[in-house]
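*Asks:* This note's numbering applies: residue 699 is where the sequence shown begins, and numbers increase by one.
Note that beta-carbon positions come from the ideal geometry of N, C-alpha and C, so glycine has one too.
None of the values given here were measured: they were computed from a predicted structure.
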Amino acid sequence: MFDIECDVLEGLEPYALEEIRERFGRLCSSMTLQPGRIRALYAGELRQVLRLRSVLAAYLVITYDVPRPRALLGHQHFTRLLKTLEMVRSLSRPELYRTLRLSAAGEDSSVLIRLKETLAHHTGLAIAPDEGDLLIRLRRTISRDGWEVLVRLSPRPLATREWRVCNWPGSLNATLASVMMRLTQPSATDRVLNVACGSGTLLIERLFLSPARLAIGCDLDLEALRCAQRNLEAAGFAKVARLEQWDATSLPLETGSVDVLCADLPFGQLIGSHRSNEILYPRLIAESARVAAPGARMCLLTHEVRLMERVFEQYAGVWALTNVVRVRTGGMTPRVYLARRTTAPLS
Ligand SMILES: C[S@@+](CC[C@H](N)C(=O)[O-])C[C@H]1O[C@@H](n2cnc3c(N)ncnc32)[C@H](O)[C@@H]1O
């Protein structure tokens, strides 16, 4: 049985828990939620945890019944720790582990420096000042009568996707993209349109959840589309998805031809402006309503809460808002809006 802890974007805990339950069912027990964290006992293969798409990072937790970290240097505890590190490293390709990072309150104390150096010596890894491949966190147990060592199960956070070979300013956190697309209840018959797709995060994460009958990403910016193309290729979806230089407010698509629409809209800060959003949002919502089939699902992310809610009120006849999720990401608290196309015609 493994004691596992996952970091999750605040606000997404219930959705990450849902993914964990779906994937692992009875292999998981004693699940607890805290803001930004999920803890569980897991009786399955550790490698399977690396497949989770809605968690930022996953850790194996080892609890030591010791009063002070110094005791971890004792033979029995240190051997147990080294065995755990070996087991974790065996989950990924060996060349991905070059550096080690020990993160703890008071990590510059002489005891923790000694612990870090001894670990580096025995693992053959170089000490990294901030981002390390082998990330080890040390903290007190909640009851404060022992210590917990958390070892990250992957050399990079799970949110850092291998498919992201092209970075794009304002690109969406992939775990949030995955949850957004889960909310649309993916089906292999879906015709999916990711408007304002940027580097393609939503489209790619959608295709990891389920195949689609049609998958299109569109953006006005050619550079963004080139970036999305590279990412789609790296993800292995270049043949199943199309990218188009289309304006989201005037789409060359037939009325009622799309089942799922999604977008991470310009927030009006890094990308776009509030003034341009005042024009973009109502037009985009109206055009989305035109191309959406009756019952189509739409999932949007924005930080422009007041504007978005005003626009949804304006289009309440054609888009029925079914869920709003507040999420903390990149120092902001944007909202995910999930809506369903009614059968009413667009007037
Ligand atoms: C926040 S970014 C999307 C980032 C994307 N989710 C990613 O992960 O890379 C918003 C995108 O909207 C695009 N955009 C703005 N107005 C548009 C319009 N009228 N039609 C299509 N795309 C538009 C911008 O070019 C930009 O790429």
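Can you check which of these residues, Thr1020, Arg1039, Asp843, Asp806, is closest to Ala990 by C-alpha distance?
*Replies:* It is Arg1039.
*Asks:* As a quick exercise: from Val1016, Arg988, Glu985, Arg981, pick the residue whose alpha carbon is nearest that of Leu1005.
*Replies:* If we check each option's Cα against that of Leu1005, Arg981 comes out closest.
*Asks:* Expressed to the nearest angstrom, what Euclidean distance is found between the alpha-carbon atoms of Gly709 and Arg799?
*Replies:* If I take the Cα positions, the gap works out to 28 Å.
*Asks:* Count the other CB atoms, across all protein chains shown, that sit within 10 Å of the CB of Val847; report buried if there are 16 or more and exposed otherwise.
*Replies:* Under this definition Val847 is a buried residue.
*Asks:* Grab me the residues of Ala826's own chain with a C-beta within less than 6 Å of its C-beta, minus the 5 sequence neighbours each way, in chain order.
*Replies:* Correct list, in chain order: Thr797, Arg799.
*Asks:* Is Pro733 close to ligand 1? I mean its beta-carbon at under 7 Å from any heavy atom of the ligand.
*Replies:* No - ligand 1 has no heavy atom lying nearer than 7 Å to the Cβ of Pro733.
*Asks:* Could you tell me if Lys814 is buried or exposed, where buried requires 16 or more neighbouring beta carbons within 10 angstroms of its beta carbon?
*Replies:* Per the 10 Å Cβ criterion, buried.
*Asks:* Ligand 1 and Pro964: does any heavy atom of the ligand fall closer than 7 Å to the residue's C-beta?
*Replies:* Because some heavy atom of ligand 1 lies under 7 Å away, the Cβ of Pro964 counts as near it: yes.
*Asks:* Under the DSSP definition of a beta bridge, which residues are partnered with Phe700?
*Replies:* Answer is Tyr740, bridged to Phe700.
*Asks:* In whole angstroms, what is the alpha-carbon distance linking Phe1010 and Lys781?
*Replies:* Their backbone Cα atoms lie some 55 Å apart in a straight line.
*Asks:* CB of Thr1031 to nearest heavy atom of ligand 1: below 7 Å?
*Replies:* Flag unset: Cβ of Thr1031 not near ligand 1.
*Asks:* Assign Val764 to one of three DSSP states: helix, strand, or coil.
*Replies:* Looking at Val764 - three-state DSSP - the assignment turns out to be coil, as it is neither helix nor strand.
*Asks:* With distances taken Cα to Cα, identify the nearest neighbour of Asp705 among Leu851, Gly993, Pro792, Gly742.
*Replies:* Checked all of Leu851, Gly993, Pro792, Gly742; the closest Cα to Asp705 is Leu851.
*Asks:* Pick out whichever of Leu998, Gln1012, Arg1026, Ala1014 has its Cα sitting closest to the Cα of Val1034.
*Replies:* Of the candidates Leu998, Gln1012, Arg1026, Ala1014, the one whose C-alpha sits nearest the C-alpha of Val1034 is Leu998.
*Asks:* State the Cα-Cα distance for the pair Leu715 and Ile736, rounded to the nearest angstrom.
*Replies:* Looking at the two C-alpha atoms, the distance is approximately 7 Å.
*Asks:* To which residues of the same chain is Ser955 closer than 8 Å at the C-beta, ignoring the five residues directly before and after it?
*Replies:* Correct list, in chain order: Arg889, Val989, Ala991.
*Asks:* Count the C-beta pairs between the region 805-812 and the region 860-878 that are closer than 8 Å, then say yes if the count reaches three, no if not.
*Replies:* The region 805-812 vs the region 860-878: no contact.
*Asks:* Using DSSP bridges, identify the partner residues of Trp1017.
*Replies:* Paired residue(s): Arg1039.
*Asks:* Tell me whether Thr1027 counts as near ligand 2, meaning its Cβ is closer than 7 Å to at least one heavy atom of that ligand.
*Replies:* Questions concerning ligand 2 fall outside what the structure shown contains, since the ligands it does hold are ligand 1.
*Asks:* Rounded to a whole number of angstroms, what is the C-alpha to C-alpha distance between Thr899 and Ala936?
*Replies:* Taking the straight line from one Cα to the other gives about 13 Å.
*Asks:* Using only CA atoms, which one of Ser1045, Thr816, Gly915 lies nearest to Val893?
*Replies:* For Val893, the nearest C-alpha among the options comes from Gly915.
*Asks:* Applying the criterion that 16 or more other CB atoms from any shown protein chain within 10 Å of the CB defines a buried residue, is Leu794 buried or exposed?
*Replies:* Leu794 is exposed by the Cβ-count criterion.
*Asks:* Look at Ile902 and Ala857 and say whether their C-beta atoms are less than 8 Å apart.
*Replies:* Taking 8 Å as the Cβ cut-off, Ile902 and Ala857 do not qualify as a contacting pair.
*Asks:* Which first and last residues belong to the beta strand (DSSP E) in which Ala714 is found?
*Replies:* Careful: Ala714 lies outside any beta strand (DSSP E), inside the alpha helix (DSSP H) at 711-722.
*Asks:* In whole angstroms, give me the CA-to-CA distance for Ser974 and Phe965.
*Replies:* If I take the Cα positions, the gap works out to 10 Å.
*Asks:* What are the complete beta strand (DSSP E) segments, minimum 3 residues, inside the region 828-881?
*Replies:* You should have 832-838, 845-850.
*Asks:* Buried or exposed for Asn929, please, with buried defined as at least 16 other CB atoms from any protein chain shown within 10 angstroms of its CB.
*Replies:* It counts as buried.
*Asks:* Using beta-carbon positions only, say whether Val764 and Gly844 come within less than 8 Å of one another.
*Replies:* Cβ distance < 8 Å, so Val764 and Gly844 count as in contact.
*Asks:* Using 8 Å for Cβ pairs, my map puts Ile702 next to Ala738. What's the rounded Cβ distance?
*Replies:* Right, their Cβ atoms sit about 5 Å apart.
*Asks:* Please determine, among Leu817, Phe906, Trp861, Leu725, the residue with the shortest C-alpha to C-alpha distance to Thr777.
*Replies:* Considering only alpha carbons, the answer is Leu817.
*Asks:* With a cut-off of 8 Å on the beta carbons, I'd call Ser897 and Cys925 a contact; round off their distance for me.
*Replies:* That pair is a contact at about 4 Å.
*Asks:* Assuming Glu1007 contacts His972 under a Cβ cut-off of 8 Å, what Cβ separation, rounded to an integer in Å, is found between them?
*Replies:* That pair is no contact at about 15 Å.
*Asks:* Determine, using beta carbons only, whether Leu918 and Gln943 come nearer to each other than 8 Å.
*Replies:* Yes. Within cutoff.
*Asks:* Out of Arg854, Ala1037, Ser885, which has the shortest C-alpha to C-alpha gap to Cys960?
*Replies:* Residue Ala1037 is the option with its Cα nearest to Cys960.
*Asks:* Hey, would you say Ser801 sits closer than 8 Å to Leu833, going by beta carbons?
*Replies:* Yes, the Cβ-Cβ distance between Ser801 and Leu833 is below 8 Å.
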